[in-house]
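Asks: I'd like to ask you about the structure that follows.
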Amino acid sequence: MNRYYKIFTFIILSFALCIDTDGDGYSDKVELELGTNPKDSSDKYYLGSWPYNSNKEIIKGIDFPISCPNNVSCECELNKDCINQNCKKTPRGSSFCTPKIGDIFPRFIGVDQYGEYVDIYDFAMQGKQIVVEFGAAWCSPCQGLSGWLSSGDYSNLKKNRWWKDEYAIIYDRIQNDEILFITILFEDEMREPANYETVSNWHEKYPNNKIAILADEYKDIHQWMKPTGYPCINLIDENMNLLTFTGRGLNAAFDILSNAK
79 MNRYYKIFTF IILSFALCID TDGDGYSDKV ELELGTNPKD SSDKYYLGSW PYNSNKEIIK
139 GIDFPISCPN NVSCECELNK DCINQNCKKT PRGSSFCTPK IGDIFPRFIG VDQYGEYVDI
199 YDFAMQGKQI VVEFGAAWCS PCQGLSGWLS SGDYSNLKKN RWWKDEYAII YDRIQNDEIL
259 FITILFEDEM REPANYETVS NWHEKYPNNK IAILADEYKD IHQWMKPTGY PCINLIDENM
319 NLLTFTGRGL NAAFDILSNA K
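Going by the working numbering, the sequence shown runs without a break in its numbering and finishes at 339.
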């Protein structure tokens, strides 16, 4: 009898932890922890209803600004010069400590399309893979990609050599809350540093309330990634470990997300 009581109690407690009275995307338990009203949908931690991670401080990623030497993005000559043992030469000839699969994504905080500063580590520990798209407002391929992610219509992307029809399911996975998608823009249409206006305008052109759009105002992520093409998309696990890393393109991440080969 005691065994069944424990099981019943566990089920009840598990259900209680998931209750979201006002339907704003935050459980009552989380809202009480944050000091927001669990019965008022307008009173929430992020206006965009992005996740909240109460355990983000345990993630041991680097903070910005990055201090050199040895850290990822710092100059190097040999692998031993890098904290992650990964010194790579760029197309321009210089060598830098470069991110690699298994590295922890840095703790980036940027302003979103609603004017709030969002901690990317709040997306961690939600039991979901995280997609991080890096690009610029002037980037035509970025515009095409966001057009699809806004409408679900990928007909204009089929002309691209990188496109696979299997990728179409990624839009559905975003809309069904199966994966988390973040777009980071580092420059506006005039190639000036991105800011709130940049990401707000992007959201207005390509609306999707499931996608957080953040401004890399000080080019922190740009410095860390050193991308060579846009959009540049990588996949991260729920603990912020890189599952893919590339400085350009999206196929590695999209192949995993869509089970495409």
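Glycine included, C-beta positions come from ideal geometry on N, C-alpha and C. As the structure is a computational prediction, the values presented were derived from the model and not from experiment.
(1) Just the Cα atoms here: how many angstroms apart are LYS206 and LEU258?
(2) Can you list, in chain order, the stretches of the alpha helix (DSSP H) that have 4 or more residues and sit fully within the stretch 210-249?
(3) Could you compute how far the alpha carbon of GLN253 sits from the alpha carbon of ILE334?
(4) Going by CA-CA distance only, name the one from HIS281, ARG326, VAL108, TRP226 that's closest to ALA290.
(5) So ALA202 is in the beta strand (DSSP E); what residue range does that whole segment cover?
(6) How would you label TYR195, buried or exposed, when you count the other beta carbons within 10 angstroms and need 16 or more for buried?
(7) Run through DSSP, which three-state label would ARG251 get?
(8) Since SER114 is in the beta strand (DSSP E), which residue starts that stretch and which ends it?
(9) Would a C-beta distance cut-off of 8 Å place GLY225 and TYR284 closer than the cut-off?
(10) Taking 8 Å as the threshold, find out whether the stretch 310-330 comes into contact with the stretch 209-222 through three or more Cβ pairs.
(11) Which value, in whole angstroms, describes the spacing of the CA atoms of LYS242 and TYR232?
(12) Measuring CA to CA, which of ASP190, ASP106, PRO169 is closest to ASP121?
(13) Spell out the partners DSSP gives LYS167 in its beta bridges.
(14) Within 10 angstroms of the Cβ of PHE88, are there 16 or more other Cβ atoms? Answer buried if so, exposed if not.
(15) Rounded to a whole number of angstroms, what is the C-alpha to C-alpha distance between PHE174 and ASN319?
(16) Where are the alpha helix (DSSP H) runs, 4 residues long or more, that stay fully inside the stretch 259-337, in chain order?
(17) Opposite TYR195 in the DSSP bridges: which residues?
Replies: In brief:
(1) Rounded to the nearest angstrom, the two C-alpha atoms are 7 Å apart.
(2) The qualifying runs are 218-229.
(3) If you take the alpha carbons of GLN253 and ILE334, they lie about 18 Å apart.
(4) Each of HIS281, ARG326, VAL108, TRP226 was checked against the Cα of ALA290, and the nearest Cα belongs to HIS281.
(5) In the DSSP assignment, ALA202 falls outside any beta strand (DSSP E) and carries neither an H nor an E.
(6) TYR195 comes out exposed.
(7) In the three-state DSSP reduction, ARG251 falls in the helix class (H, G or I).
(8) The sequence given here has Thr at residue 114, not Ser. Here THR114 belongs to no beta strand (DSSP E), and DSSP marks it neither H nor E.
(9) The beta carbons of GLY225 and TYR284 sit closer together than 8 Å.
(10) Yes, since at least three Cβ pairs between the stretch 310-330 and the stretch 209-222 fall closer than 8 Å, the two stretches touch.
(11) Going from the Cα of LYS242 to the Cα of TYR232 covers about 10 Å.
(12) For ASP121, the closest alpha carbon among the candidates ASP190, ASP106, PRO169 is that of ASP106.
(13) Here LYS167 is bridged, per DSSP, to SER173.
(14) Low confidence applies here, because PHE88 scores a pLDDT of 47, under 50, leaving its location unreliable; read the following figure in that light. So PHE88 counts as exposed.
(15) Roughly 20 Å between the two C-alpha positions.
(16) Secondary structure remark: continuous alpha helix (DSSP H) runs of at least 4 residues inside the stretch 259-337, in chain order: 274-283, 298-303, 329-336.
(17) BP columns for TYR195 point to VAL189.
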